[in-house]
Amino acid sequence: MSDVNAYERAEEPGFGDYVALLKPRVMSLVVFTAMVGLLVAPVPVHPFIAFTSILFIAIGAGASGALNMWWDADIDAVMSRTQKRPIPAGKVQPGEALGLGVALSGLSVMMLALAANLAAAALLAFTIFFYAVIYTMILKRWTPQNIVIGGAAGAFPPMVGWVAATGSVSLEALLMFGLIFFWTPPHFWALCLFMKSDYADAKVPMLTVTHGHDATRRQIFVYTLVLAASALALGFTSIAGPAYIATAVVMNALFARGAWMILRRSTETAQADGYKVEKSFFKLSLIYLALHFGALLADAALRALGLIGGAA
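Numbering follows the UniProt record's numbering, in which position 38 of the sequence shown is assigned residue number 38; successive positions increment by one, without gaps.
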């Protein structure tokens, strides 16, 4: 954890600096997957309730980001890709980030309870706690399985959206959770393969640092196979249709092929060609979730138009 007095203010913070604390790029994925979870649920939701529910889920995600940046400011100051974040850059004080994160956490949970239901609010509260405490404060600096277990935090949003609509958890919600949960390790470990020095310098026990590249390549392949099984299983539920099934088959074939190519490479070969295969796999992972959840949304639209069937 960062020393709250260790970061002198370089300049007065602007509105954009506080927005940056909320990790807007991560928030965009949270908003999208939560929206899909809500919209594909077999329960009609009033547009105003749907909008406010997604808004407060987004605020909760932003709160998690602020709390993460508060605690990880010391790590962020070391890693090249995070040095320009508001706290290590001296634009926002750690105490300000903590206050913002706590305030937004309380606001988002309370308002989601009023907008949707208590079950969704409780799940959102647990999601914030899991990311800020279980992952950020405990797992990230303790175990190379940090990304595996901590990936649950990013996997909860579609489930929160589903519960906001239905008031309960179902198989469909669990499989949407599984889609993100099993995607997270190969996505982040592929990044770690060509950014090893950052995590080593920050003393973060990523798998590449603690077990080496060969072990990481094997784990990427294993989790990719489990991910493919989870993604295809979702295709047999009532919320999936032809768009999702086609997307899942094609994307998971490409993902499995990429993981196999990574598995067969040596570190020397990867270094020699600038980690081209690993970077290509990582880029593919960036669109993987968007295409899967987008396909679920497309099938929901087709179902609403009466063009395909589905359980009500």
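Even glycine gets a Cβ: it sits at the ideal position worked out from N, Cα and C.
If you draw a straight line from the C-alpha of tyrosine 131 to the C-alpha of phenylalanine 32, how long is it? 18 Å
Rounded separation between threonine 105 and isoleucine 128 - CA only: Threonine is not the amino acid found at residue 105; the sequence shown has serine there. Spanning the two alpha carbons is a distance of roughly 7 Å.
Touch check for the segment 78-89 and the segment 192-207: three-plus C-beta pairs under 8 Å? yes
What first and last residue would you give for the alpha helix (DSSP H) that runs through phenylalanine 194? It is not in any alpha helix (DSSP H) - phenylalanine 194 carries neither H nor E in the DSSP assignment.
Glycine 37 and glycine 150 look like a contact to me (Cβ under 8 Å); what is the Cβ gap, rounded to whole Å? At roughly 20 Å, the Cβ-Cβ gap does not stay under 8 Å, so glycine 37 and glycine 150 are not in contact.
If alanine 73 sits next to isoleucine 59, beta carbons under 8 Å apart, how far is it from one beta carbon to the other, in whole angstroms? Wrong, their Cβ atoms sit about 22 Å apart, outside the cutoff.
By DSSP, does aspartate 198 sit in helix, in strand, or in coil? helix
Enumerate, from N- to C-terminal direction, the unbroken alpha helix (DSSP H) stretches of 4 or more residues contained entirely within the segment 50-133. 73-78, 94-115 and 118-129
Valine 4 (DSSP reduced to helix, strand or coil): Legend: pLDDT at valine 4 = 48, less than 50; position of this residue unreliable, no value from coordinates given.
Is DSSP giving methionine 261 helix, strand or coil here? helix
Within the same chain, show all residues whose beta-carbon is closer than 6 Å to that of phenylalanine 156, passing over the 5 residues directly before and after it, in chain order. Thr127
Between which two residues does the alpha helix (DSSP H) holding proline 24 run? 24-39
Residues near isoleucine 245 by beta carbon distance below 7 Å, same chain, minus five either side: Gly235
Verify whether the separation of the beta carbon atoms of leucine 112 and alanine 120 is less than 8 Å. yes
Considering residue 324, what are the terminal residues of the alpha helix (DSSP H) in which it resides? The shown model of the chain, from 1 to 312, leaves out residue 324, and the question about it has no answer.
Less than 8 Å between the beta carbons of lysine 91 and proline 13, yes or no? yes
Using only CA atoms, which one of Ala122, Val109 and Leu67 lies nearest to glutamate 96? Leu67
Give me the Cβ distance between leucine 207 and alanine 215, rounded to the nearest whole Å; I'm assuming they're in contact under 8 Å. 7 Å
With a CB to CB cut of under 6 Å and the five nearest residues on each side skipped, what residues in its chain are close to threonine 210? Pro144
Unbroken alpha helix (DSSP H) run spanning histidine 213, endpoints: 212-234
Is threonine 166 near alanine 290, with beta carbons less than 8 Å apart? no
Excluding sequence positions up to five away, which residues of its chain have a Cβ less than 6 Å from the Cβ of serine 2? In this prediction, serine 2 scores a pLDDT of 48, lower than 50, which makes its location untrustworthy; no coordinate-derived value is stated.
How big is the Cα-Cα spacing for aspartate 299 and alanine 125? 30 Å
Do threonine 247 and proline 186 have their C-beta atoms within less than 8 Å of each other? no
Would alanine 164 be called buried (16 or more neighbouring beta carbons within 10 Å of its own) or exposed? buried
DSSP state of methionine 176 mapped onto helix, strand, coil: helix
N- and C-terminal bounds of the alpha helix (DSSP H) containing tryptophan 162: 157-166
Going by DSSP in three states, isoleucine 239 sits in which element: helix, strand or coil? coil
Quick one: residues in its chain with C-beta nearer than 6 Å to the C-beta of lysine 23, no 5 flanking neighbours on either side, listed in chain order? Gly65
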